[in-house]
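Chains as they are written, first to last, in my numbering: chain E, 784 to 1151; chain S, 784 to 1151. Heads up, the beta-carbon is just placed ideally off N, CA and C, and yes, glycines get one too.
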């Protein structure tokens, strides 16, 4: 097969390079950058550094010689503002590159289009919109957060063929296979926080870490919704709270004594309002947005998933399912939704499906 | 692409020709036959006739000249016994064909291997086992019936992504899309009988016919499990019972008066034993086996599906699912199974998956 080295080819490479560091770049999005000479030879490749610095463009430009005809591909519009890093637009202008190809604009209203304008004003030719949808999908949670100050949310479900997540007696080991469960750990890596309801903590005593070899240090913050602060002071989350950020959202009336006990374990306790269906998810998300969380992965229980699935912040539902069948009395994947008409079903579409050794991962995406 | 005209190529064609008449050949299986000259030219193609006659081999041999090197491909071991049709083995021997390729043996213990033996004793070279698994899968229900005198059963489920078949208020129009529903009608064509529980009749007032254009006349017999004979005398099934065979299975205590009312509508009433979970499915199946039903499609409700899914007669589960989400209070696909350990989940594997315009049909097959 002949490789056609066009803009799509190089941008696809840049997106894949960006994917490599997804979940490891802190509040900054992971950007991919590829620099190509006039004869279509790749002369440099980089992505955003661990923790968010250096930026991909700066890294890619370092130590290379820019000749006539060199093109720089980047997955996201280069920044113009000086934050933790110098603005990439200046780096590009100073490098001498005369052509820049961009997948998608930065949707931050404070940035959008300004990066491109500054490049063009410096005499650089800019092409935008190459693999735009792929890049926008990749930055979906980030864009949600910078537009609204509220993180995007993803949902993870692992169920039997008939949509049950456990037997009536609570057993759930293992409904899905090893490959599905490993993919689940990858999702933890990709998200900044992982959120569960208190019943999941009480029932499973989970650690909620990313247990892929070598990636444990990128485990997301653990977030627990716990109205009455029933959180056990010796559970696995409490034991590891001094090493991995752990936040409990609770109601205004929770016991001060219990709060202090948990704070001593290194757990942060945040009081938020309640609604008639429990703690206000949106209040928790607003708090996390202020902390620059881009994305939250919600893993259960089914009540929390039910309130998340209709949220305007919803990005994707990752649904792993196996060939096992559990029957009516098993635990349902999703709590009560009070739908009286099928047209009011959550507005999702099937975005992708992946075969995981005969388990299936269906990725549903929220329609905007 | 170059077509490689080997045994697999011609047998694949024969199987596809057999598929064309599936569901239209009565108690006989639909067989496909392809006859190929020495230079690999196809000189004849046939399948079992509508209603079961003539047999495919006889039809294919009619009016063609057999020269040296001609090969006959057939999906099923040719019959040696004279039933409604003369034995195909004799037709083949008399035709002068000197090489026969067979996909799978007839699993009927009275036939198995005898057809091949007779061919070989007449100096014909026989190759067997070409695309054997595909053919055995195609004849699975038929083999089940001739081995045990009990038909094979298939289950059809149409559900939301979370495995629900209706809203709490009973609404189910439409959870799946048009293409899924059309495929459902094809399943009705492929099976000899379609079985539902009485609650499905009371709730949906279904016709249970194959409503694909031109195929209505191949609608399967309608079979209803109705312990207390609650069957409404003016429902759609009753109205059409004089044209399409309709059988109600009921308990020994059902009212004689109601039985006579229904018989007058053209409905057959069969009394069978009850078990602690209702009418005995196996008793109904045994009755249908005596009537030479090869396959029964079970469409609901979820209690009937729950008793069918662990049956040794189970062949396949056809599970259509959409992107809609209904939530905990919706109607579950499968009734109670009383599973206390995941290893006791029904023994299925994923056989195939088909994209139906972004609905998905997963076909699970029972492990033997």
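In or out: residue i buried (at least 16 other Cβ within 10 Å) or exposed?
i: residue 947 (chain S); result: buried
i: residue 1152 (chain S); result: With chain S covering only 784 through 1151, there is no way to say anything about residue 1152 (chain S).
i: residue 928 (chain E); result: buried
i: residue 1040 (chain E); result: exposed
i: residue 1151 (chain S); result: exposed
i: residue 1060 (chain S); result: exposed
i: residue 1029 (chain S); result: buried
i: residue 811 (chain E); result: buried
i: residue 851 (chain S); result: exposed
i: residue 1072 (chain E); result: buried
i: residue 1003 (chain S); result: buried
i: residue 877 (chain E); result: exposed
i: residue 1095 (chain E); result: exposed
i: residue 1015 (chain S); result: exposed
i: residue 1121 (chain E); result: exposed
i: residue 973 (chain E); result: buried
i: residue 1035 (chain E); result: exposed
i: residue 1005 (chain S); result: buried
i: residue 905 (chain E); result: exposed
i: residue 746 (chain E); result: Not covered by the structure: residue 746 (chain E). The range shown for chain E is 784 to 1151.
i: residue 1115 (chain E); result: buried
i: residue 957 (chain E); result: exposed
i: residue 825 (chain E); result: exposed
i: residue 1126 (chain S); result: exposed
i: residue 1117 (chain S); result: buried
i: residue 1123 (chain S); result: exposed
i: residue 987 (chain E); result: buried
Strictly below 8 Å CB to CB, what residues from chain S border residue i?
i: residue 1128 (chain E); result: 943, 1107, 1108 and 1109
i: residue 950 (chain E); result: 1122, 1123, 1124 and 1125
i: residue 881 (chain E); result: None at all; the shortest Cβ gap to chain S is about 44 Å.
Anything in chain E within Cβ reach of residue i, meaning under 9 Å, just list it in chain order.
i: residue 1147 (chain S); result: 944, 1106 and 1108
Residue i versus chain S: which residues are under 7 Å apart at the beta carbon?
i: residue 1085 (chain E); result: 1111
Give the residues of chain S in contact with residue i, contact being defined as C-beta atoms less than 9 Å apart.
i: residue 1092 (chain E); result: 1108 and 1110
Once the 5 residues before and after residue i are set aside, which same chain residues still bring their CB inside 6 Å of it?
i: residue 882 (chain S); result: 854 and 908
i: residue 1137 (chain S); result: 1144
i: residue 891 (chain S); result: 929
i: residue 983 (chain S); result: 1083 and 1084
i: residue 1100 (chain S); result: 938 and 1147
i: residue 971 (chain E); result: 977, 993 and 1003
i: residue 856 (chain E); result: 793, 794, 797, 817 and 884
i: residue 924 (chain E); result: 935, 1077, 1078 and 1098
At a CB-CB cut-off below 8 Å, which residues of chain E make contact with residue i?
i: residue 1089 (chain S); result: 1110 and 1111
Sorted by chain position, which residues of the same chain lie with C-beta nearer than 7 Å to residue i's C-beta, five sequence neighbours on each side aside?
i: residue 1052 (chain S); result: 1031, 1033, 1042, 1045 and 1046
i: residue 870 (chain S); result: 862, 863 and 864
i: residue 913 (chain S); result: 790, 791, 794, 884 and 886
i: residue 955 (chain E); result: 948 and 949
i: residue 1152 (chain S); result: Only positions 784 to 1151 of chain S appear in the structure, and residue 1152 (chain S) is not among them; the question remains open.
i: residue 1023 (chain S); result: 990
Only counting the same chain, and skipping five residues up and downstream in sequence, which positions put a Cβ closer than 8 Å to that of residue i?
i: residue 897 (chain E); result: 863
i: residue 1025 (chain E); result: 1048 and 1049
i: residue 833 (chain S); result: 804, 807 and 808
i: residue 1113 (chain S); result: 943, 945, 947, 948, 949, 950 and 951
Below 9 Å between beta carbons is the criterion; list the residues of the region 1116-1143 of chain E that meet it against any residue of chain S, in chain order. Result list: 1116, 1117, 1118, 1119, 1120, 1121, 1122, 1123, 1124, 1125, 1128, 1129, 1131, 1132, 1133, 1136, 1138, 1141, 1142 and 1143.
Starting from the N-terminal side, write out each stretch of the beta strand (DSSP E) that is 3 residues or longer and does not extend beyond the region 1047-1132 of chain E. List check, beta strand (DSSP E) in window: 1051-1054, 1078-1083 and 1097-1104.
Go through the region 926-1012 of chain S residue by residue and report every complete run of the alpha helix (DSSP H) that reaches 4 residues or more, in order. Those alpha helix (DSSP H) runs which fall completely within the region 926-1012 of chain S and span 4+ residues are 961-973 and 981-987.
To be precise: take each residue of the region 951-983 of chain E, compare its Cβ to all Cβ atoms of chain S, and keep it if any distance is under 9 Å. Which residues remain? Under the 9 Å Cβ criterion, the region 951-983 of chain E contributes 951, 952, 954, 955, 956, 957 and 958.
Taking only runs of the alpha helix (DSSP H) that begin and end inside the region 886-914 of chain E, which ones reach a length of at least 4 residues, in chain order? Taken in chain order, the complete alpha helix (DSSP H) segments of 4 or more residues contained in the region 886-914 of chain E are 897-904.
Residue ranges of each alpha helix (DSSP H) run of no fewer than 4 residues wholly in the region 827-883 of chain S, ordered along the chain? Those alpha helix (DSSP H) runs which fall completely within the region 827-883 of chain S and span 4+ residues are 839-844 and 871-878.
In chain order, which continuous runs of the alpha helix (DSSP H) of length 4 or greater are located wholly inside the region 785-831 of chain S? DSSP runs (the alpha helix (DSSP H)) wholly in the region 785-831 of chain S: 790-803.
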